[in-house]
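Residue numbers (the working numbering): 26 to 202.
The C-beta atom is built at its ideal place from N, Cα and C for all residues, glycine as well.
Quick caveat, the model's predicted, so the values are computed rather than measured.
Structure, as structure tokens:
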Amino acid sequence: MAATGRRPSVLTLALPHTPEAVGTARHAVRDVLEKRGWPEELVENAVLVVSELVTNAVVHGLPPIELRLQVISGFAAGRVADRSPELPVPAEADADGEGGRGLAIVAAVAVDWGSYLLPERGGKAVWFEFRGPPDLVPAARPSLGLRLWGVPGPGSGGPFRGDLNAPSFSSPFRWPV
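Structure below.
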């Protein structure tokens with residue numbers, strides 16, 4: 026594939042199953058997006074979503090936790106994965122106001138989000154997407170048939186509908202992560 030523009034920024038981060046993972050994830054996401062020139066408001070939104078998802082993985086998931094983020098030409102897609110096979114379910118806020126709002130925050134702030142099981146390694150992933158400022162130079166599109174990070178294609182039961190350039194792929198920012 027010939028590079029016609031800015032290369033994607035890709036972050037893959039193994040996180041400890043401890044509360045300190047949240048701060049590590051926040052810092053890493055902020056660093057990637059600021060280096061790409063994203064405005065502060067969008068950086069804050071992405072950091073908030075990652076913070077909520079990593080917190081959920083620490084509190085409700087099983088180790089290890091992994092954060093993946095890819096940013097290219099105005100789009101960011103990522104996931105937080107852990108080994109728990111339990112898909113997240115939005116909950117009512119606790120009476121004391123201390124919990125239960127995480128997925129509602131993710132739904133309100135991210136362009137899109139969802140979850141899926143990871144049968145090949147066990148566990149689940151919660152994915153998210155953001156629109157950001159376009160790069161000044163158009164980024165190279167993946168070649169036909171390329172699927173990022175080995176996500177299964179059509180008919181596999183995952184949230185993504187196959188190849189990035191295939192007609193069934195309706196969203197320009199719904200990347201398999």
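Boundaries of the beta strand (DSSP E) harbouring residue 139: 137-142, taken from the DSSP string.
Of all alpha-carbon atoms in 115, 135, 134 and 98, the one lying nearest the alpha-carbon of residue 126 is that of 115. A direct Cα-to-Cα measurement between residue 87 and residue 148 gives close to 8 Å.
The DSSP-derived three-state label of residue 116 is coil. For the set 69, 65, 112 and 144, the Cα lying nearest the Cα of residue 138 is the one of 112. Between the alpha carbons of residue 128 and residue 37 lies a distance of about 22 Å. A straight-line Cα-Cα distance of about 20 Å links residue 33 and residue 39.
Nearest C-alpha to residue 50 among 154, 73 and 64: 73. Here the alpha carbon of residue 56 sits roughly 22 Å from the alpha carbon of residue 130. Taking the Cα positions, residue 107 is about 22 Å away from residue 134. With fewer than 16 neighbouring CB atoms inside 10 Å of its own CB, residue 146 falls in the exposed class.
Counting only the Cα atoms, residue 110 lies some 26 Å from residue 53. In this structure, the alpha-carbon of residue 60 lies about 11 Å from that of residue 96. The C-beta separation of residue 82 from residue 90 comes to about 5 Å, placing the pair in contact by the 8 Å criterion.
When rounded, the separation of the alpha-carbon atoms in residue 100 and residue 136 is 10 Å.
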